[in-house]
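S.K.:
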Amino acid sequence: MTLEPTVAIRATQLLIGIGIALQAAEVLATRSAHARLCIGKHPPDFWAQWLTAKILVRLALSAVLIVGFGKYLQVIEPVFYMGLIFSSVGLVIRLNGPLGGGSDSMTFQVLIGLLIAALGVANPILVQVGLGWIAAQSVLSYFIAGVAKLRNENWRRGLAIRNLMRSNAAYTVFAPARRLANSGTLCLAASWAIILFEVAFPAVLLLPWEGKLAMLSAGLLFHITNAVVLGLNRFIWAWGATYPALLYFT
Amino acid sequence: MIATTLSNILKLFLPSWNFFNDFSTFLRLDVRTIHDGCESEWRPLYSTAPTPSIRRIFFNADGNAELLEKTFIDRMAENIADEDQKAVKRFESDTNILMLAGIARSRLTTTQPADQFQFRLVMASPGEAEEVLFVSAHLPAQGESQ
Chain Z
1 MTLEPTVAIR ATQLLIGIGI ALQAAEVLAT RSAHARLCIG KHPPDFWAQW LTAKILVRLA
61 LSAVLIVGFG KYLQVIEPVF YMGLIFSSVG LVIRLNGPLG GGSDSMTFQV LIGLLIAALG
121 VANPILVQVG LGWIAAQSVL SYFIAGVAKL RNENWRRGLA IRNLMRSNAA YTVFAPARRL
181 ANSGTLCLAA SWAIILFEVA FPAVLLLPWE GKLAMLSAGL LFHITNAVVL GLNRFIWAWG
241 ATYPALLYFT
Chain S
1001 MIATTLSNIL KLFLPSWNFF NDFSTFLRLD VRTIHDGCES EWRPLYSTAP TPSIRRIFFN
1061 ADGNAELLEK TFIDRMAENI ADEDQKAVKR FESDTNILML AGIARSRLTT TQPADQFQFR
1121 LVMASPGEAE EVLFVSAHLP AQGESQ
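From first to last, the protein sequence lines stand for chains Z and S. Take the first sequence: its position 182, counting from 1, is numbered 182 in our numbering, and each next residue is one higher. Just add 1000 to the spot in the second sequence (first one is 1) and you have our numbering.
1. By how many angstroms is the C-alpha of S:G1127 removed from the C-alpha of S:S1145?
2. DSSP state of S:T1051, grouped into three classes?
3. Which runs of the alpha helix (DSSP H) at least 4 residues long sit entirely within the segment 15–54 of chain Z? Give them in chain order.
4. Could you confirm whether any beta carbon from chain Z is found closer than 8 Å to the beta carbon of S:E1069?
5. Can you check which of these residues, S:I1073, S:T1025 and S:P1052, is closest to S:L1045 by C-alpha distance?
6. Starting from Z:L99, find everything on chain S with Cβ-Cβ shorter than 8 Å and list it in chain order.
7. Step through the CB atoms of chain S and report whether any lies within less than 8 Å of the CB of Z:S62.
8. Counting C-beta neighbours from all protein chains within 10 Å, is the total for Z:Y72 16 or more, i.e. buried, or is it exposed?
9. Would the beta-carbon of Z:C187 fall within 8 Å of that of Z:R151?
10. What is the rounded straight-line gap between the Cα of S:A1124 and the Cα of Z:L247?
11. Name the residues in the segment 1044–1067 of chain S whose C-beta lies less than 9 Å from a C-beta of chain Z; which are they?
12. What's the call for S:P1113, buried or exposed, on a 16-neighbour Cβ count within 10 Å?
13. Can you find the residues in the same chain that come closer than 6 Å, C-beta to C-beta, to Z:L230, ignoring five residues on each side of it along the sequence?
14. Can you check DSSP and say which residues form a bridge with Z:Q137?
15. Mind checking if Z:T52 is an interface residue toward chain S, Cβ cutoff 8 Å exclusive?
16. Run through the DSSP bridge pairs and tell me what S:F1038 is partnered with.
17. At what residues does the beta strand (DSSP E) containing S:Q1118 begin and finish?
18. In chain Z, what lies closer than 8 Å to S:L1027 by C-beta?
19. With DSSP as the reference, identify every bridge partner of S:F1020, one or two as the case may be.
20. Give every residue of the same chain whose Cβ lies closer than 7 Å to the Cβ of Z:L207, excluding the five residues on either side of it in the sequence, and list them in chain order.
21. Assign S:S1007 to one of two classes, buried (16 or more other C-beta atoms within 10 Å of its C-beta) or exposed (fewer than that).
22. When the distance is taken between beta carbons, is Z:I55 closer than 8 Å to Z:A241?
23. Is DSSP giving S:R1028 helix, strand or coil here?
24. Would you mind giving the Cβ-Cβ distance between Z:L149 and Z:I195, rounded to the nearest angstrom? I have them listed as a contact below 8 Å.
Pasting the structure below:
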């Protein structure tokens, strides 16, 4: 069993659209804080207005991704992706880095993949190339992160998780999670669960349908856990948006 | 500056996916206020208390804004972590220090009156002594940072 390309693309649009809309709403709610980090000669008030305009455009574009393009807008579908891609570049330039870290990076790659797939009206092979791009970025992201952790002694011994849970320096930790970190055994088990899941993730491309669903369900649980424990809510949508491509690609 | 911008754009198109942290060291921004010549105790700019909120799985505006600021602070501190005096002087004259000051000023609490404030960058490792990387001059508690 596999996912039809049109269904995979539609699901990807919906999920990434929600992710972009969520980020837009969060940035609008804290635009003063973001404006203080904008590079340029203008005062923060100017950048707050600049950000508001830019984010409202992104919100409008993401709304189309969420509701779907329909028969008439589908003709200019690539324009929407290019608009989001260029606005992402503009934000990176002004903030001297991504607005949302890793979630921004994956969102950008999904948009690139969707843009390529949208050009499939010219050449149907581009639909597969676009979905393949998204699937490849997803697999690479998990695998490279897993190998990096596997090579690090603090991660292998569970100390990285313990250090993370005991401090608010990197992320504001969920209160019950901090208490759990007092258990060395639990930290060790959690470390190896993450390492093994990430390193084994490329297998998702080879597994049968049921195996894919199981692996992607584990991935979703991983990102939901990160959102609860560390506040990384945007990762759910950025990485979740790659899952339809993984279901399509066998 | 142009090289940094091009590098950021390149990373967007070709991410390395190697965002890795073993959390063996942490950077912390501390602040203290000065009122009538008296300096308060240093305290962390960001709360060290964990949060009971599960709502942030759906919407986490403040948390993500704080994360962006912490990423900015990490980036600013990278060049002075090796105690290079030239790098410290460059850091002091950089416009980025004004942005750091702006972050610190925006998060000053109003429970105590303050004429001025001061911030410092501290590197901490579990089980080891903390290292102060940089201490700012006394800065006005009110006004534009840029």
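Where a beta carbon is used, it is the ideal one built from N, C-alpha and C, also for glycine. This structure is a prediction, so every number in the text was calculated from the model and none was measured.
M.R.: Per the coordinate set shown:
1. The residue you call residue 1145 of chain S lines up with position 145 of the second sequence. The residue you call residue 1127 of chain S lines up with position 127 of the second sequence. Summary for S:S1145: the model assigns pLDDT 45, below 50, so the residue's position carries little reliability; its value from the coordinates is reported in the next sentence. Approximately 35 Å between the Cα atoms of the pair.
2. As a working note, residue 1051 of chain S is residue 51 in the second sequence. S:T1051: strand per DSSP, three-state reduction.
3. 31–35
4. If you number the second sequence from 1, residue 1069 of chain S lands on position 69. Yes - at least one Cβ of chain Z is within 8 Å of the one on S:E1069.
5. Here residue 1045 of chain S corresponds to residue number 45 of the second sequence, with the count starting at 1. Of the candidates S:I1073, S:T1025 and S:P1052, the one whose C-alpha sits nearest the C-alpha of S:L1045 is S:I1073.
6. Looking up residue 99 of chain Z in the first sequence gives position 99. Result: L1068.
7. Indexing the first sequence from 1 puts residue 62 of chain Z at position 62. Output row for Z:S62: interface = no.
8. Working through the first sequence from its first residue, we reach residue 72 of chain Z at position 72. Z:Y72 is exposed by the Cβ-count criterion.
9. Within the first sequence, numbered from 1, the residue matching residue 187 of chain Z stands at position 187. Within the first sequence, numbered from 1, the residue matching residue 151 of chain Z stands at position 151. Cβ distance not < 8 Å, so Z:C187 and Z:R151 don't count as in contact.
10. Against the second sequence, residue 1124 of chain S aligns to sequence position 124. Against the first sequence, residue 247 of chain Z aligns to sequence position 247. Looking at the two C-alpha atoms, the distance is approximately 43 Å.
11. P1044, Y1046, S1047, T1048, A1049, P1050, T1051, P1052, S1053, I1054, R1056, I1057, F1058, F1059, N1060, A1061, D1062, G1063, N1064, A1065, E1066 and L1067
12. Within the second sequence, residue 1113 of chain S is the residue found at index 113, counting from 1. When all chains shown are included, S:P1113 counts as exposed.
13. To locate residue 230 of chain Z, count along the first sequence from 1; it is residue 230. Same-chain partners within the cutoff: Y171.
14. On the first sequence, residue 137 of chain Z is found 137 positions in, with the first residue counted as 1. Answer is none; Z:Q137 lacks a bridge partner.
15. Counting from 1 along the first sequence, the entry for residue 52 of chain Z is found at position 52. Not an interface residue.
16. Within the second sequence, numbered from 1, the residue matching residue 1038 of chain S stands at position 38. Looking at the sequence provided, one finds Cys at residue 1038 of chain S rather than Phe. Note: S:C1038 sits in a beta bridge opposite S:H1035.
17. In the second sequence, residue 1118 of chain S corresponds to position 118, counting from 1. Counting along the chain, the beta strand (DSSP E) containing S:Q1118 begins and ends at Q1116 to A1124.
18. As a first step, residue 1027 of chain S must be located in the second sequence, where it is residue number 27. A169, listed in chain order.
19. As a first step, residue 1020 of chain S must be located in the second sequence, where it is residue number 20. In DSSP, S:F1020 forms no bridge with anything.
20. If you number the first sequence from 1, residue 207 of chain Z lands on position 207. So the list reads M215, once near-sequence residues are dropped.
21. Taking the first residue of the second sequence as position 1, residue 1007 of chain S is located at position 7. The residue in question, S:S1007, is exposed, as its Cβ has fewer than 16 Cβ neighbours within 10 Å.
22. Looking up residue 241 of chain Z in the first sequence gives position 241. Looking up residue 55 of chain Z in the first sequence gives position 55. Cβ atoms of Z:A241 and Z:I55: not closer than 8 Å.
23. Mapped onto the second sequence, residue 1028 of chain S falls at position 28. The answer is strand: DSSP assigns S:R1028 an E or B state.
24. If you number the first sequence from 1, residue 149 of chain Z lands on position 149. If you number the first sequence from 1, residue 195 of chain Z lands on position 195. It should be pointed out that residue 149 of chain Z corresponds to Lys in this sequence rather than to Leu. The pair is a contact, with the Cβ atoms about 5 Å apart (cut-off 8 Å).
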